[in-house]
Structure formats: structure tokens, C-alpha cells
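> Just dropping this structure here.
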Amino acid sequence: MVASAIALGSTGAAAAPCSNPNALGISRVMTVDARAMPLIGSHDYGVTLPLAPGEVVLTFDDGPLPPYTNAVLKALADECLRAVFFMVGRQARANPELAWQVRAAGHTIGTHTQNHPLFRMPADRAAYEIDTGIASVGSVFGTQRALAPFFRFPGLFRTIEGEQHLRSRGLMSWSVDADSYDWKKISSGHMLAHTLAELEKRRGGILLMHDVQPKTALMLPALLAELKARGYRIVHVVPKGGDPAEDLVASAMPPQRADPIARPPAAAEPRAARHYPPAAVPAEGPPPRIQPGGNGLFEAIFTASGHRWGR
Ligand SMILES: [Zn+2]
């Protein structure tokens, strides 16, 4: 089953126009003002996006990572869907072409720190991880304007200091309403059942998934089919003032393997960043806290890439 997911994700088919007349599709696009809604997600904040019953926002953390992100893109494209991807800076720098594919498919790009530390970060570390992650992901696209001012704490390990830093930069902290548990060592079938049960509790909401997880790549087509069967509607969230298509064309930077961080991100900004002030990026971040986890293919790849197991 893993092999089929790898094969599905071997090309950048996600950018192709939608041609599935029976697709689940996007029911509406919600434009949000990050400064007006700095903290969202009922798991941590008790408030969430203004969603109607039955509306779901798909979110994917920790990528990009082939071949699983490719498979997720394929599943979303097959159903004419768009989601929010919270990218890790290190992952985007390691896989710039794949990050570009996510962007080219029209998905919203948020960030998820530079190194994905899984603990409550002290104030200085939080500021470093937030700013460096944004600069790294932005450098892949040649401009931080390609990013939405959306951020999610790794492991949902939020702190008051971290939230204050986000607010000072006009960033929006995204918690979740429903957790797929795809980061736990459970089967894809268990994950599907759990995800549907979580969504049923609230009749929708912000759904947390991970595009670096084999089980997510495998299960996503079935989940999307079940969401359609149950009458759920998918909402694509974009930032106020953002124009993904315009930004993508304007940046006109082809995907490339060369280390994008070698070029200071501020130099690529034709004018003040729309969402962020320029951030300096050290050539190397602090060493990631690596914890070998599990015994599967994902763990081998993800641990080798310098990340710990967990949401
Ligand atoms: Zn994460």
C-alpha cells in the first residue's frame, strides 16, 4: 500500500486544473485578517474560525517531505481541494521543488518553525524558530509574500511569550478543532475512524493532519470520500490582502535544488513584505533535538531529516 502511495506522488500532478465533475471541491474561500483573529482553534483557545456546521478546514503540518506530500497533493487535486500547509523551514529548504508544487497547486502556505522543537520554547528560542522558519520557507519561493501570516506551534506547545511574538509580527496562531491522530502509532483505519468521530463532535472545524505521514497519504482519499458522503463541505482559508496567483507569477522563480537560503531573503523583496518584516536567517540553526522513534519507513526518513516524531 505504501508503494502505491509513492507511485501516485511521483509527479507534480497537483498543479493540473481540476477535471473531476464529481469532486468534493471547495465550497467557499474564507479570507481572514490575522491581526483581528490572532488565536484560533478550540483545542487551545476556545474560539475558532467562523465556520458553519458541516464546514471543514484541512490543514497539513511538518512537510514538505516526498513521497508523502506528493501523495497528499494528488489526493487533494483529485477532489479539487485546497488546504493550509504549515511547513517546517528545514523541510522546505531540503525539498524546495516540492514546496513549490504545494504553492503552485494553490494551497495556503503557513509556517511551523525552523526545526520543529517539541517542547515549550523559551521566549528567545520561540522568536528564533518562528522568524527563521518564515525566512526559510519564504526563501524557497523567493519572497515572504508567498506566505500567509499563519503559524502553528509544533506539538501545539504554545507559550504566552511565543504568542506575544506572533502578535508583534501580525501572525495568527492556529490551534486545531479536530486532531486526526495521524502522528500516533495507529493504523490508517483507526485514524480514519478517529478523524470522522472527532469531526462529528463539532460537525466540522479545523482538522489537523500531517503530510509527512504514510498513513495520511494512504488514508486521505478514503477520508475525502467519506466527508463527501456525510455532507461535509471544505473551506479554503486565505489571508486578507494575499493574492496567491499574483504572488506566484510575480515571484517567477523556478524550483531549484540549490540551497535557497544562500540568498538573503530580504534581497528578494522588491518592497516591504506584505505580511512580515524581513528576517535574518543564520546559515545553520541550533541542532535539532533528534529522537529516533518507531520502526517504520516514515520514522527512518523523518529522523534522518532531523526531526522528532510527533505532531
Ligand atoms: Zn508538527
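In our numbering, the protein residues as written are 1 to 311. Think of the CB as a built atom: it goes at the ideal place given N, C-alpha and C, for glycine as much as any other residue. All values derive from a computational prediction rather than experimental measurement.
How many angstroms separate the CA atom of Trp183 from the CA atom of Gln91?
Position 183 of the sequence shown, counted from the start, is the residue given in the question as residue 183. Position 91 of the sequence shown, counted from the start, is the residue given in the question as residue 91. Answer to the nearest angstrom: the Cα atoms are 17 Å apart.
> Please list the terminal residues of the continuous beta strand (DSSP E) segment that includes Leu208.
The residue given as residue 208 occupies position 208 in the sequence shown. Start and end: 205-210.
> Identify the residues that DSSP records as bridge partners of Thr31: which are they?
As a first step, residue 31 is located in the sequence shown; it is residue number 31 there, counting from the start. Answer by DSSP bridge pairing, in chain order: Val238.
> Give the DSSP-derived three-state secondary structure of Trp309 in the structure shown.
By 1-based counting over the sequence shown, the position of residue 309 is 309. For Trp309, the predicted model reports a pLDDT of 47, less than 50, meaning its position is unreliable and no value from the coordinates is stated.
> Our contact map puts Trp174 next to Ile130 with C-beta atoms below 8 Å; I'd like the distance itself, whole angstroms only.
Taking the sequence shown and counting its residues from 1, the one referred to as residue 174 is at position 174. Taking the sequence shown and counting its residues from 1, the one referred to as residue 130 is at position 130. Incorrect: roughly 13 Å between the Cβ atoms, too far for contact.
> Ordered along the chain, which non-local residues of its own chain (more than five positions away) have a Cβ less than 7 Å from that of Ala72?
Taking the first residue of the sequence shown as 1, we reach residue 72 at position 72. It should be pointed out that residue 72 corresponds to Val in this sequence rather than to Ala. For Val72, where only same-chain residues beyond five positions count, the Cβ hits under 7 Å are Phe60, Asp211, Thr216, Ala217, Leu220.
> Which of the three DSSP states, helix, strand or coil, is assigned to Ala262?
In the sequence shown, residue 262 corresponds to position 262, counting from 1. Any reading at Ala262 must be qualified, since the residue scores a pLDDT of 35, below 50, and its modelled position is unreliable; the value itself is stated next. Reduced to three states, the DSSP call for Ala262 is helix.
> Within a Cβ cutoff of 8 Å, which residues of the same chain sit near Asn20, ignoring the five residues on either side of it in sequence?
For this step, residue 20 is matched to residue 20 along the sequence shown. Correct list, in chain order: Asp78, Glu79, Cys80.
> Check whether the stretch 121-129 and the stretch 159-166 touch, using three or more Cβ-Cβ pairs below 8 Å as the test.
Touching, yes.
> Tell me whether His116, by its Cβ, gets closer than 7 Å to a heavy atom of ligand 2.
As for ligand 2, it is missing from this structure, which binds only ligand 1.
> Output the distance between the C-alpha atoms of Glu55 and Gly155, rounded to the nearest integer angstrom.
On the sequence shown, position 55 is the one that residue 55 refers to. On the sequence shown, position 155 is the one that residue 155 refers to. Distance between the alpha carbons of Glu55 and Gly155: 24 Å.
> Measure from the alpha carbon of Glu97 to the alpha carbon of each residue in Pro117, Pro67, Phe119, Gln114, then state which is nearest.
Here residue 97 refers to the residue found at position 97 when the sequence shown is read from its first residue. Cα-wise, what sits closest to Glu97 is Pro67.
> Say yes only if the C-beta of His43 is nearer than 7 Å to one or more non-hydrogen atoms of ligand 1, and no if none qualify.
One-based indexing of the sequence shown puts residue 43 at position 43. Every heavy atom of ligand 1 is 7 Å or more from the Cβ of His43, so no.
> Counting along the chain, where does the beta strand (DSSP E) carrying Val84 start and finish?
If you number the sequence shown from 1, residue 84 lands on position 84. Note, Val84: beta strand (DSSP E), 84-87.
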